[in-house]
Structures are given as structure tokens and as C-alpha cells.
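Peer 1:
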Amino acid sequence: MAHQRSNTYEAELTASKRAEESLHESEERYRALLASAPMAVFVCDRDAVIQHYNRHAVDLWGREPVCQVERHCGSVKLWLPDGTLLPHAQSPIVEVLRTGTSTLNVEVL
140 MAHQRSNTYE AELTASKRAE ESLHESEERY RALLASAPMA VFVCDRDAVI QHYNRHAVDL
200 WGREPVCQVE RHCGSVKLWL PDGTLLPHAQ SPIVEVLRTG TSTLNVEVL
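Going letter by letter, the sequence shown gives residues 140 to 248 in our numbering.
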């Protein structure tokens, strides 16, 4: 009986270790994808706090935000491609946080 419990424990431990390794590999792929994106990319939680960002986002904002502290918008102002100032309330970021729905094909400067 003790041998059977030991085998069960080892199997559970092995499965747990595999799951942990798989999660780590997935996180590494995510970080690599974020870093290699050819445009500014950043990720916020539901409270609009920046969780991750890439170098292009830093270039866009002109500064490096404090991850897990600062809120969603590193830039003070956003413009539409035609040069029109985009009101903060109409920011694609604000819209995603308000509705929970992704925005696609939106270009802001």
C-alpha cells in the first residue's frame, strides 16, 4: 500500500513539474513575441495597470513606465493619422477597458 501511494505521489509530482515547465515555456514564447513585434505593444490588466510592454512602446511614449504600477497610457496625447487630437475618452485603450471588447485596425499616433 505504501509503495502504491509513493508511485501516485511521484506521478502527481511529475505531472505538476511538467505543467510548470510548460507554463514557463509559454511565458517565454509570449515575452519573445512581445519583444519582437514591429510596433508598440503593451498589456494592461482590467484596472488599466500596465503589466507588460515592449521597446517600441517606450519609444512611442518617450519614457519607460513602471510595470504593475502605472496606468494604461504612457502618452499624454494621442492623434489620429489625419492629425486630429483624439479625446482621451475615445482612446482605443479606454474603449477596450470599458467594454472588454478588443479593437482592431485602429491607428493612433
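Ideal Cβ placement from N, Cα and C applies to all residues, glycine included.
Which value, in whole angstroms, describes the spacing of the CA atoms of residue 246 and residue 234?
Peer 2: Cα to Cα, the separation comes out at about 14 Å.
Peer 1: Would you say the segment 215-226 touches the segment 235-242, given that touching needs at least three Cβ pairs under 8 Å?
Peer 2: The answer is no - the segment 235-242 does not touch the segment 215-226, with fewer than three Cβ pairs under 8 Å.
Peer 1: Just checking, does the segment 219-230 make contact with the segment 197-208 on the three C-beta pairs under 8 Å criterion?
Peer 2: These segments do not touch.
Peer 1: Quick one: what does DSSP say residue 199 is sitting in, helix, strand or coil?
Peer 2: Three-state result, residue 199: helix.
Peer 1: Could you have a look at residue 188 and say whether DSSP puts it in helix, strand or coil?
Peer 2: Residue state, collapsed to three classes: strand.
Peer 1: By Cβ distance, which residues of its chain are closer than 8 Å to residue 241, with the 5 residues on each side in sequence left out?
Peer 2: Excluding residues within five positions, the ones whose Cβ falls inside 8 Å are 235.
Peer 1: When the Cα of residue 188 is compared with those of 194, 167, 210 and 174, which residue comes out closest?
Peer 2: Cα-wise, what sits closest to residue 188 is 210.
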